[in-house]
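For reference, the structure discussed in these notes is given below.
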Amino acid sequence: MRISRSDLYFEMALLVAKRSTCNRANVGAVLVNENQILGTGYNGSPSGFPHCTEAGCDMENWHCVRTVHAEVNAVLSAARNGVSTVGATIYSTHKPCFRCKQVLTNAGVKAVWIKNYDDGRND
1 MRISRSDLYF EMALLVAKRS TCNRANVGAV LVNENQILGT GYNGSPSGFP HCTEAGCDME
61 NWHCVRTVHA EVNAVLSAAR NGVSTVGATI YSTHKPCFRC KQVLTNAGVK AVWIKNYDDG
121 RND
């Protein structure tokens, strides 16, 4: 049986999350517009900096500030390739934090889908 596109994007987000280098949470995100993948991201340290898996988490107010969040990295992935994110939808394994919501809003992302794995629904 063929899976739906949204289930495909959520499965991809779960796969991308396996690249995460933060010990606290493995988060993955897939940015899509008109059934085209624009970018993917996972939470990890900026390029060239030590990862949480190497140096430990850098905690401030219960959040690891060593990492760039998955949603931001997905937007940056599209930006590096010169791809507009206006009107896009992001599929994420976790609920975006306040700062990620700000980035997604300013990037023109129109919808955020989060998989609720407790009951199988999209929230």
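Under this note's numbering, the very last position in the sequence shown is 123; numbers go up by exactly one each time. No residue lacks a Cβ here, since even glycine has one placed at the ideal position from N, Cα and C.
Item: The beta strand (DSSP E) enclosing A74, as first and last residue numbers; Value: Run containing A74: none in the beta strand (DSSP E); it sits in the alpha helix (DSSP H), 70 to 80.
Item: Where the alpha helix (DSSP H) through V16 begins and ends; Value: 5 to 17
Item: The region 97 to 108 in contact with the region 53 to 60 per 3-pair CB rule at 8 Å; Value: no
Item: Span separating the alpha-carbon of C22 from that of R2; Value: 33 Å
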